[in-house]
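Q: FYI, in mature numbering (1 follows the signal peptide of the UniProt record, and there is no 0) the residues of the sequence shown are -26 to -1, 1 to 489. Beta carbons are placed, not taken as given, at the ideal position from N, Cα and C, and that holds for glycine. On a predicted model such as this, the values are computed, not experimentally measured, just so you know.
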Amino acid sequence: MICYMLWLAACCLLLLYSVRFRSGWSHGNGPRSYPVIGCLVDFYKNRWRLLDWYTELLAASPTQTIVVDRLGARRTVVTANPVNVEHILKSNFGNYPKGKPFTDILGDLLGTGIFNVDGELWYAQRKLVSHEFSARALRELEFAVLEDEARERLVPALGLAAARGDVVDMQDLLRRFSFDVICRVSLGVDPGCLDPALPAPRLAAAFDAAAGIIARRGAAPVAAVWKAKRALDVGSERQLREEIAVIHEAVMDLIHIRKKECGLRVNGGDGRRSDLLSRMIECGYPDEAIRDMVISFIMAGRDTTSSALTWFFWLLTRHRDVEREVLREITGGGASHAAAGGQGKMRALHAALCETMRLYPPVAWDSKHAAAGDVLPDGTRVERGDRVTYFQYGMGRMESIWGADAGEFSLRRWLSIIPEENAAPAPPAAVAGLSPFKYPVFQAGPRTCLGKEMAFVQMKFVASTVLRRFELVPVDEGRVPVFLPLMTAHMGDGLNVTVRSRSGEHVASAASSGN
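(1) Per the DSSP calculation, T363 is bridged to which residue(s)?
(2) From the DSSP output, in three-state form, read off N241 for me.
(3) Drop a sphere of 10 angstroms on the beta-carbon of E216, count the other beta-carbons inside from all chains shown, and report buried for 16 or more, exposed for fewer.
(4) Quick check: A124 and V142, are their CB atoms within less than 9 Å of each other?
(5) Quick test of the definition: if touching needs 3 or more C-beta pairs under 8 Å, does the segment 278 to 287 touch the segment 145 to 154?
(6) Using 8 Å as the Cβ pair cut-off and three pairs as the minimum, do the segment 82 to 98 and the segment 440 to 451 touch?
(7) In terms of residues, what are the limits of the alpha helix (DSSP H) holding P75?
(8) Mapping DSSP to helix, strand and coil, what is Q417?
(9) Which residue spans inside the segment 143 to 208 form an unbroken alpha helix (DSSP H) run of at least 4?
(10) Does the distance from the C-beta atom of V52 to that of I40 stay below 9 Å?
(11) Is the beta carbon of V447 sitting closer than 9 Å to the one on R474?
(12) Can at least three beta-carbon pairs, one atom from the segment 152 to 160 and one from the segment 457 to 468, be found at a separation below 8 Å?
(13) Can you list, in chain order, the residues of its chain with a C-beta nearer than 7 Å to that of L424? Leave out the 5 residues immediately preceding and following it.
(14) Buried or exposed: where does I391 fall if 16 or more other Cβ atoms within 10 Å of its Cβ makes it buried?
(15) Which residue from A325, T50 and E121 puts its Cα closest to that of T354?
(16) Have a look at Y334, K426, K434 and L172 and flag the residue whose alpha-carbon is nearest the alpha-carbon of F271.
(17) What residue range is occupied by the uninterrupted beta strand (DSSP E) comprising R474?
(18) Pull the bridge partners of L458 from the DSSP assignment, please.
(19) Give me the Cβ distance between F365 and L134, rounded to the nearest whole Å; I'm assuming they're in contact under 8 Å.
(20) Quick one: what's T439 bridged to in DSSP?
(21) Kindly indicate the opening and closing residues of the beta strand (DSSP E) around I11.
(22) Let me know if W22 comes out buried or exposed under the rule of 16 or more other beta-carbons within 10 Å of its beta-carbon.
(23) Residues in the same chain with beta-carbon distance under 7 Å from D16, minus the five sequence neighbours each way, listed in chain order, please.
(24) Can you pull the DSSP bridge partners for R355?
(25) In terms of alpha-carbon separation, which member of D450, R371 and P336 lies closest to A429?
(26) For the beta strand (DSSP E) that contains V42, what are its first and last residues?
(27) Taking the continuous alpha helix (DSSP H) assigned at V268, which residues delimit it?
(28) Roughly how many whole angstroms lie between the Cα atoms of L128 and F151?
(29) For the beta strand (DSSP E) holding F444, just list the boundary residues, first then last.
(30) Determine, using beta carbons only, whether M226 and D261 come nearer to each other than 9 Å.
(31) Run through the DSSP bridge pairs and tell me what V141 is partnered with.
(32) So for V129, helix, strand or coil by DSSP?
(33) Whose C-alpha, out of L323, I62 and A322, is nearest the C-alpha of V356?
(34) Going by the beta-carbon positions, is the gap between M267 and M461 smaller than 9 Å?
(35) Since I believe S210 is in contact with R232 (beta carbons under 8 Å), could you give me their beta-carbon distance rounded to a whole number of angstroms?
(36) Between which residues of its own chain and N66 is the CB-CB distance below 8 Å, once the five residues before and five after are set aside?
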């Protein structure tokens, strides 16, 4: 009887999986799947090249959508179809929250911060932060911090490398620069990551370690493994708990110090601060809510701009004609011109940054989890609880979106749609030159990135500051770096370059050559 029951259960399981996988293939797209194990075989074969594998599958799909179903993982719908992306991020926004599987991964670090919540809690934070990000004081603080950090640290570091002939890892340099900037803007404190006279700050190391472990959580084939390690407080999960404790303690200490400063101002002091932490304290939010929101913004801002800039500088070394075009534009205006953030200004630089992020987006993919069953506009069936992923990396390579030259680095596709210098301001949806659902690098719909304009200001400022003064030459000019899709994408093994100073004559020569 026991054997019979086991046999019956096995048959039911096989039938269930067979029906499930047949329904997953109802649109005829996706990797080869088998009963019970799903596409585990092909997934394992391509585990070191998932991005390119998914891109190939999506390009071959008539709908640019695939279903990935494998043993031990949640059924996943992956799409590079802009119509589907608009449906997920806007038209049926309420049915596609981040969901518990996502918030479980990030919850220990981000708590109830804006990037890790849904529903009313998300909406309330979005409303508050949207107001703060539009405040003139915060924008002025960002630009002042950028100027100071570049003048006192970034330019001297590159100048010293040029004088000595040292090799510099631009990815590491830009990450440390970005961490200093985001901490000064968000927390009102200077960690000094780029200051050679100071030891490496413990807070920066804690963020690095925590981000790496959480990225491995998200990439784990079976979530039960890291959850068991967390429950037992062993291995990487124990380290994560310790790193998060460092981060939480540092931010809470700052909150308490800043509250005392606010009390002194009430009693006759002055010198109102403009950083995000101080402004949230003044709004009367609880300490833990402030902590979670500030940590969320540090995590969002610390690596995204540095990732984009790393690939930007590498691409310019491969396309010196584009570098000359950008340099001509930069040398035609001052630094404030480069960082003013006007969409009609610095067209070539803006186009080069957009093109960089098309091919190498700081976030390779983003996932939601279906609250209820649905059918996407292309006919793909979505079940309740499915992971639904829109795939920025693959979308940037779809000929159906960008044409036959989708794999090439070209400013022309952007310069034809970015407004001229004196043209009327473009509507928000056209800031990048086309529908955000075709180019969801900054998300789209209600969750569009609030820091988008600030990110462009920082990227334009850094790019113009570096290119005006220095030429970067890769140590290995023939190397094609590996794109690593962690929490924020990284360049495998960094970007090692030698630095050459540009004199005034060399700048003019470099900018004019090729005319």
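A: In terms of the structure at hand:
(1) Here residue 363 is taken as the residue at index 389 of the sequence shown, counted from 1. Partner(s): V52 and S341.
(2) One-based indexing of the sequence shown puts residue 241 at position 267. With a pLDDT of 48 at N241, under the threshold of 50, the predicted position of this residue should be treated as unreliable, and no value is reported.
(3) Counting from 1 along the sequence shown, the entry for residue 216 is found at position 242. Looking at its Cβ environment, which holds fewer than 16 other Cβ atoms inside 10 Å, E216 is exposed.
(4) What you label residue 124 is simply residue 150 of the sequence shown in a count that begins at 1. What you label residue 142 is simply residue 168 of the sequence shown in a count that begins at 1. Against a cut-off of 9 Å, the Cβ pair of V142 and A124 comes out as no contact.
(5) Flag = yes, the segment 278 to 287 and the segment 145 to 154 touch.
(6) Here the segment 82 to 98 makes no contact with the segment 440 to 451; the two share fewer than three CB pairs at distances below 8 Å.
(7) Residue numbering aside, residue 75 sits at position 101 when the sequence shown is read from its first letter. Segment K74 to L84, the alpha helix (DSSP H) holding P75.
(8) Position 443 of the sequence shown holds residue 417. Q417 falls in the strand class under three-state DSSP.
(9) Listed in chain order, they are 144 to 160, 176 to 193 and 197 to 206.
(10) Here residue 52 corresponds to residue number 78 of the sequence shown, with the count starting at 1. Here residue 40 corresponds to residue number 66 of the sequence shown, with the count starting at 1. The answer is yes: Cβ separation under 9 Å.
(11) On the sequence shown, position 473 is the one that residue 447 refers to. On the sequence shown, position 500 is the one that residue 474 refers to. For V447 and R474, yes; Cβs fall inside 9 Å.
(12) At 8 Å Cβ cutoff, the stretches do not touch.
(13) Your numbering for residue 424 matches position 450 in the sequence shown. Answer for L424: V103, S104 and F107, listed in chain order.
(14) In the sequence shown, residue 391 corresponds to position 417, counting from 1. That one is exposed.
(15) In the sequence shown, residue 354 corresponds to position 380, counting from 1. When only C-alpha atoms are compared, the closest one is T50.
(16) Stepping through the sequence shown from its first residue, residue 271 is reached at position 297. Comparing Cα-Cα distances from F271 to each of Y334, K426, K434 and L172, the minimum goes to K426.
(17) Counting from one through the sequence shown, the residue named residue 474 turns up at place 500. That run of the beta strand (DSSP E) goes N470 to S475.
(18) To locate residue 458, count along the sequence shown from 1; it is residue 484. DSSP, once it has assigned bridges, lists H464 as partnering L458.
(19) For the purposes of this step, residue 365 is identified with residue 391 of the sequence shown, where counting begins at 1. For the purposes of this step, residue 134 is identified with residue 160 of the sequence shown, where counting begins at 1. Between L134 and F365 the Cβ distance is about 41 Å, and since that is not below 8 Å, they are no contact.
(20) The residue you call residue 439 lines up with position 465 of the sequence shown. Beta bridge pairing from DSSP links T439 with no other residue.
(21) Working through the sequence shown from its first residue, we reach residue 11 at position 37. Segment: none, I11 is in no beta strand (DSSP E) and carries neither H nor E.
(22) Along the sequence shown, read from residue 1 onward, the residue named residue 22 stands at position 48. So W22 counts as exposed.
(23) Reading the sequence shown from its first residue, position 42 is the one you call residue 16. These residues qualify, in order along the chain: P5 and R6.
(24) Your numbering for residue 355 matches position 381 in the sequence shown. For R355, which the question treats as bridged, DSSP gives the partners V349.
(25) As a working mapping, residue 429 is identified with position 455 in the sequence shown. It is P336.
(26) By 1-based counting over the sequence shown, the position of residue 42 is 68. The continuous beta strand (DSSP E) containing V42 extends over residues T39 to V42.
(27) Taking the sequence shown and counting its residues from 1, the one referred to as residue 268 is at position 294. Looking at the DSSP string, the run of the alpha helix (DSSP H) that includes V268 is D261 to R292.
(28) Residue 128 sits at position 154 when you count from the first residue of the sequence shown. Residue 151 sits at position 177 when you count from the first residue of the sequence shown. Between L128 and F151, the alpha-carbon positions lie close to 7 Å from each other.
(29) The residue you call residue 444 lines up with position 470 of the sequence shown. For F444, the enclosing beta strand (DSSP E) starts and ends at F444 to P448.
(30) For this step, residue 226 is matched to residue 252 along the sequence shown. For this step, residue 261 is matched to residue 287 along the sequence shown. At the C-beta level, M226 and D261 come within 9 Å of one another.
(31) Here residue 141 corresponds to residue number 167 of the sequence shown, with the count starting at 1. According to the DSSP secondary-structure assignment, V141 is paired through a beta bridge with T472.
(32) Here the question's residue 129 lines up with position 155 in the sequence shown. It is helical.
(33) Residue numbering aside, residue 356 sits at position 382 when the sequence shown is read from its first letter. It is I62 whose Cα lies nearest to the Cα of V356.
(34) Sequence index remark: in the sequence shown, residue 267 carries index 293 (1-based). Sequence index remark: in the sequence shown, residue 461 carries index 487 (1-based). Cβ atoms of M267 and M461: not closer than 9 Å.
(35) Here residue 232 refers to the residue found at position 258 of the sequence shown. Here residue 210 refers to the residue found at position 236 of the sequence shown. No, R232 and S210 are not in contact; Cβ-Cβ is about 33 Å, not under 8 Å.
(36) Sequence index remark: in the sequence shown, residue 66 carries index 92 (1-based). Answer for N66: D348, listed in chain order.
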